[in-house]
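Please read the structure below before turning to the comments.
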Amino acid sequence: MDSQKEALQRIITTLANKNDELHNFIETLSHLLAGVQVNSSQVVSDLEEEFDTLFSILQETKESMTNTIKQEQTRKTQELQNQLTQSTNALESSEELLEFAQAAVEIKSEDEFTKAAKQIKDRVTMAPAFRLTMKPKASDNMTHLMVDFSQERKLLQGLRFLPVPRAPEIDVQDCLVMDNAVTIVWRMPVEDSKIDHYILEHRKTNHEGLVRVKDEHHWEIVDNIKSTEYTLTGLKFDSKFMNFRVRACNKAAAGDYSDPVTLETRAFNFTFDSSSSHLNLKVDESNVEWDPQGGKGLDSKVKGKENKGRSGTPSPKRGSTARSPAPRGGRDRFTGESYTVLGDTSIDAGQHYWEVKALKDCKSYSIGVAYKNLGKFDQLGKTNTTWCIHVNNWLQNSFAAKHNNKAKTLDVPVPERIGVYCDVDGGQLSFYNAESKQLLHSFKTKFTQPVVPAFMVWCGGLSLSTGLQVPSAVKSFQKTENGLAGSNSSLNSMAQ
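For the sequence shown, the numbering used here puts the final residue at 496, and the numbers step up evenly by one.
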């Protein structure tokens with residue numbers, strides 16, 4: 001009995017599920033039927049609009065051509081009418097002169113005959129009939145203003161509904177990833193003159209190989225592309241790869257997507273490490289700002305001993321002295337007058353690039369790299385494990401490269417944004433004007449440990465830009481000027 005009830009219950013469950021499926025299917029069919037009605041009406045409306053447009057163009061062309069015929073008719077009529085009037089007047093004058101000549105023949109007096117003959121001779125010389133061109137200035141032929149629609153008629157008779165465009169094919173070999181821009185190039189498998197535009201879709205991904213149907217990133221759309229290539233610029237490469245696909249559109253429909261392709265977009269990504277920053281620095285992922293009130297009350301004994309500058313804030317110029325250890329916390333990696341914060345990602349190989357922009361009126365800041373074992377009182381450029389360029393706008397302006405407590409003045413203007421190039425394998429650390437890619441300074445050394453981006457800020461702030469490829473201009477400069485740093489800098493050293 002129980003087994004029969006269980007079997008019956010399974011049947012009931014199966015029937016209930018099937019009923020739900022049928023309900024959903026009926027709703028789907030009803031929705032599709034309604035869509036067919038709406039879309040067919042819309043298609044008919046669009047078709048009528050197209051034909052109305054064609055009729056309108058034909059009517060405008062007809063009116064334009066008709067006006068041309070009327071203008072030609074008016075011109076010829078006027079020219080022929082003028083000739084007719086002139087010829088009629090000349091004929092009247094000629095007939096009058098003929099009558100006078102016939103009458104003169106009958107004159108008996110020799111003097112009067114001589115006088116009349118002279119008058120006739122003078123009038124004949126000036127007679128209009130002898131000065132008129134006896135050729136019509138216009139013909140009555142108007143057939144040259146006719147048109148032949150035989151070819152157009154064949155085209156119209158051959159009108160067909162627009163087909164769905166074929167899927168384009170992306171030429172991976174012609175695609176280019178450079179300078180945080182990606183150029184995508186594609187072609188149509190069969191040339192189609194009816195293509196109106198293309199739609200490009202792209203998304204970031206960390207998965208190599210075949211494109212996944214579902215990914216953590218959504219497709220972004222670039223519409224109304226008129227050519228068979230497109231360049232995306234100003235990208236931040238914060239993923240390892242990007243997926244691309246494209247579809248062609250005519251006035252009727254969009255075709256299928258091309259086979260998607262995956263292009264590598266590796267770049268160096270990091271953020272400020274808040275756990276390493278000084279208490280007087282307010283840090284988020286890409287910005288660090290001096291905060292004179294930061295950490296107050298946590299270690300008032302230590303902070304009360306810090307030297308004060310004229311502005312009432314500790315001076316960055318004074319060297320560090322031994323202090324009692326600050327209490328360990330979330331943001332007290334650096335202390336004393338080492339107003340420092342590190343990047344959260346170390347560099348142990350390869351070539352990397354990032355950019356830094358100082359906030360307006362920033363009084364003092366340093367940009368460079370350091371070994372991770374940097375002491376909490378250490379200041380950038382004052383140890384043999386740190387390399388940096390330092391900008392000082394407090395009291396006296398200065399711009400210098402620093403390493404191992406030695407400084408080299410840089411006789412160039414301080415750029416608005418500074419680019420940092422680090423080649424760990426090649427032992428190269430270079431600083432550039434991020435806009436012009438002018439070399440500011442290079443260190444040539446031998447890194448014996450992984451390094452991390454390092455920053456110092458006092459009375460101001462820095463904004464960080466990562467996810468950047470090494471610019472092609474920097475790559476080219478490094479290839480051609482690789483030995484320049486060794487000849488320019490007195491700070492080159494071997495990292496110990």
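All residues carry an ideal CB built from backbone N, CA and C; glycine is no exception.
Membership of residue 429 in the beta strand (DSSP E) is indicated by the continuous run 428-433.
Per the DSSP secondary-structure output, residue 223 pairs with nothing in a beta bridge. Burial check for residue 350: the Cβ neighbour count within 10 Å stays below 16, so the residue is exposed. Residue burial is scored here from C-beta neighbours: residue 217 has fewer than 16 other C-beta atoms within 10 angstroms and is therefore classed as exposed. Rounded to whole angstroms, the separation of the alpha carbons of residue 92 and residue 141 is 29 Å. If you look at residue 164, you'll find it isn't in any alpha helix (DSSP H); DSSP assigns it neither H nor E.
A residue is called buried once 16 or more other Cβ atoms fall within 10 Å of its Cβ, and residue 367 is buried on that count. Residue 96 counts as exposed, since fewer than 16 other C-beta atoms from the protein chains shown sit within 10 angstroms of its C-beta. In the structure shown, residue 476 falls within a helical segment according to DSSP collapsed to helix, strand and coil. Our two residues, residue 27 and residue 34, have alpha carbons roughly 11 Å apart in a direct line. Residue 232 sits in a strand when the DSSP states are folded into three classes. Spatial neighbours of residue 249 in its own chain (CB-CB distance under 6 Å, excluding positions within 5 residues in sequence) are listed in chain order as 196 and 197. In the DSSP annotation of this structure, the continuous segment of the beta strand (DSSP E) that includes residue 351 starts and ends at 351-358. With 16 or more other Cβ atoms inside 10 Å of its own Cβ, residue 378 counts as buried. Residue 218 is not bridged by DSSP to any residue. In the displayed model, residue 241 falls within a strand according to three-state DSSP.
Per DSSP, the unbroken alpha helix (DSSP H) holding residue 89 starts and ends at 2-105. Per DSSP, the beta-bridge partners of residue 453 are 369.
With the rule of 3 Cβ pairs closer than 8 Å, the region 221-231 does not count as touching the region 258-267. With a threshold of 16 other beta carbon atoms within 10 Å, residue 363 meets it and is buried. Spanning the alpha carbons of residue 205 and residue 219 requires a straight line of approximately 10 Å. Excluding sequence positions up to five before and after residue 467, its CB lies within less than 7 Å of the CB of 236, 237, 238, 267 and 269, all in the same chain and listed in chain order.
Here residue 246 has 168, 186, 198, 200 and 258 as same chain residues with Cβ atoms under 6 Å from its own Cβ, once five neighbours each way along the sequence are excluded. For residue 120, the enclosing alpha helix (DSSP H) stretches over residues 110-125. Below 8 Å, enough C-beta pairs join the region 445-464 and the region 412-429 to call them touching: three or more. Residue 194 has its alpha-carbon roughly 12 Å from the corresponding atom of residue 160.
A contact is defined here as three or more CB-CB pairs under 8 Å, and the region 331-349 meets this definition with respect to the region 272-292. Between the alpha carbons of residue 464 and residue 354 lies a distance of about 8 Å. Comparing C-alpha distances from residue 416 to each of 221, 73 and 361 shows the shortest one belongs to 361. The continuous stretches of alpha helix (DSSP H) do not include residue 139, and DSSP gives it neither H nor E. Bounds of the alpha helix (DSSP H) holding residue 152 are 150-157. According to DSSP, residue pairing for residue 406 in a beta bridge involves 403.
Residue pairing for residue 183: DSSP places it in a beta bridge opposite 176 and 231.
DSSP lists no bridge partner for residue 393.
Beta-bridge annotation (DSSP): residue 364 is paired with 392 and 458. Judged by DSSP secondary structure, residue 419 falls within the beta strand (DSSP E) whose first and last residues are 417-423.
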